[in-house]
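Right, one structure below, let's go through it.
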Amino acid sequence: MEFTELIDDFASRHNVGDLVVVDGAAALDIDGIIVTIVAKEEVLTLSAEIGEPPAEGLAEFSNLLLEANMQSGVFFAKAPELGPYIAVQRLSLPSTDGSAFDAALESFVNIAETWRRLLADFRPMAKSLSERANEKGPTLGSTGFMQV
Amino acid sequence: MNIDKKQDNECLTVKVEGRLDTNTSPELEAEMTLDGVKEVVFDFSMLEYISSAGLRVLMTVHKSMAASGGAMKILHPNAMVRGVFEITGLDSVFAVEA
């Protein structure tokens, strides 16, 4: 399938409202995740931003992403310096028909959404342990319960 | 984010300073009135960060310019912004000059 045909077909079947298509590229907003799709030399590149690197525990989170790399065909990249993490998937354009594109895009958005949530909720392990060590347990007289 | 626009005949130069992300991208999109414009030049020398929402705005402007027979160019992106273009493959779509 040609790129424009593939995207038009997807948009018509899924009632996509916020769709930008230019020569060889498209941007779709799917449940708040903006997926960019670029076709070049018979390869489709899907990409979606996961988010900014965490202020603490950057190496730890990057290791988590490295371990998850290529599961379900998705890999993760990080732009230089403090650039965003980006989920990326490559598909062969000639062998991707409408239903294969639907399935790939749905899986890709689910993975991007999962990692976006994991990044938003991320707390580095070292930080979590030290925070736990500093947490004080309840003491008699400060619990709000009356001692009898 | 600061946006500084200058129009010289049919060329609109837009200097974007700061972050182009989910919060600020609608502001840039609203600023992009392209009537009578044949070329849009984004000066990204002071752009610190770009998110996918920012990429979508660039694609929208690129589409408008292509539809009217015009052109869009991006100048002086930093290493991070260039990296985002390369990872997403948009470096093959946009005209980017160091």
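Going down the list, the protein sequences come from chains F and E. Each step along the first sequence adds one to the number in this note's numbering, with nothing skipped, and position 38 is 38. Each step along the second sequence adds one to the number in this note's numbering, with nothing skipped, and position 74 is 222. For glycine and all other residues, C-beta sits at the position ideal for the given N, C-alpha and C.
Chain E within 7 Å of residue i, Cβ atoms only
{"i": "threonine 36/F", "result": "yes"}
{"i": "threonine 45/F", "result": "yes"}
{"i": "glycine 83/F", "result": "yes"}
{"i": "glutamate 42/F", "result": "no"}
{"i": "alanine 25/F", "result": "yes"}
{"i": "glutamate 56/F", "result": "no"}
{"i": "proline 80/F", "result": "yes"}
{"i": "glutamate 2/F", "result": "no"}
{"i": "glutamate 49/F", "result": "yes"}
{"i": "alanine 100/F", "result": "no"}
{"i": "alanine 77/F", "result": "yes"}
{"i": "valine 109/F", "result": "no"}
{"i": "valine 20/F", "result": "yes"}
Supposed close pair residue i, residue j - CB separation, criterion 8 Å
{"i": "methionine 228/E", "j": "glutamate 81/F", "result": "5 Å"}
{"i": "valine 244/E", "j": "glycine 24/F", "result": "That belief does not hold up - the Cβ atoms of valine 244/E and glycine 24/F are roughly 15 Å apart, past 8 Å."}
{"i": "asparagine 69/F", "j": "phenylalanine 75/F", "result": "5 Å"}
{"i": "alanine 201/E", "j": "isoleucine 30/F", "result": "At roughly 13 Å, the Cβ-Cβ gap does not stay under 8 Å, so alanine 201/E and isoleucine 30/F are not in contact."}
{"i": "arginine 204/E", "j": "valine 16/F", "result": "The Cβ separation is near 13 Å, so there is no contact."}
{"i": "alanine 27/F", "j": "methionine 207/E", "result": "5 Å"}
{"i": "isoleucine 235/E", "j": "alanine 112/F", "result": "Actually they are not in contact, since the Cβ atoms of isoleucine 235/E and alanine 112/F sit about 14 Å apart, beyond 8 Å."}
{"i": "glutamate 158/E", "j": "glutamate 187/E", "result": "6 Å"}
Proximity test, Cβ basis, 7 Å: residue i and chain F
{"i": "serine 193/E", "result": "no"}
{"i": "valine 164/E", "result": "no"}
{"i": "serine 240/E", "result": "yes"}
Proximal residues to residue i (C-beta, below 6 Å), its chain only, five neighbours per side dropped
{"i": "aspartate 9/F", "result": "Gly98"}
{"i": "threonine 181/E", "result": "none"}
{"i": "lysine 221/E", "result": "Val189, Ala243"}
Counterpart residues of residue i in DSSP-defined beta bridges
{"i": "glutamine 71/F", "result": "Answer is none; glutamine 71/F lacks a bridge partner."}
{"i": "lysine 40/F", "result": "Val43/F"}
{"i": "phenylalanine 190/E", "result": "Val162/E, Ile222/E"}
{"i": "isoleucine 111/F", "result": "Paired residue(s): none; isoleucine 111/F is not in a bridge."}
{"i": "arginine 90/F", "result": "Thr45/F"}
{"i": "asparagine 150/E", "result": "Glu165/E"}
{"i": "leucine 66/F", "result": "Answer is none; leucine 66/F lacks a bridge partner."}
{"i": "isoleucine 30/F", "result": "Ile33/F"}
{"i": "glutamate 106/F", "result": "None; glutamate 106/F has no bridge partner."}
{"i": "valine 20/F", "result": "Ala27/F"}
Cut-off 8 Å between Cβ atoms - residues of its own chain near residue i, not counting five sequence neighbours on either side
{"i": "valine 88/F", "result": "Thr45, Leu46, Ser47, Val74, Phe75, Phe76, Ala77"}
{"i": "threonine 4/F", "result": "Val21"}
{"i": "threonine 96/F", "result": "Met1, Leu6, Leu44, Ala104"}
{"i": "leucine 64/F", "result": "Leu118"}
{"i": "serine 173/E", "result": "Ser199, Ala201, Gly202, Arg204, Val205"}
{"i": "methionine 125/F", "result": "Gly57, Glu60"}
Own chain residues within Cβ distance below 7 Å of residue i, not counting five before or after
{"i": "serine 212/E", "result": "Leu182"}
{"i": "phenylalanine 122/F", "result": "Pro54, Gly57, Phe61"}
{"i": "aspartate 150/E", "result": "First, the amino acid is wrong: residue 150/E is asparagine here, not aspartate. So the qualifying residues of the chain are Glu165, Gly166."}
{"i": "leucine 93/F", "result": "Phe3, Ala39, Glu42, Val43, Leu44"}
In the segment 217 to 238 of chain E, which residues sit with their C-beta less than 7 Å from some C-beta in chain F, listed in chain order?
-> Correct list: Ala227, Met228, Gly231, Val232, Ile235, Thr236, Gly237, Leu238.
Within 7 Å of chain F by C-beta, residues of the segment 199 to 214 of chain E in sequence order = Ser199, Ser200, Ala201, Leu203, Arg204, Met207, Thr208, His210, Lys211, Ala214
Mind checking the segment 87 to 98 of chain F against chain E and listing, in chain order, the residues whose C-beta falls within less than 8 Å of any C-beta there?
-> Val88
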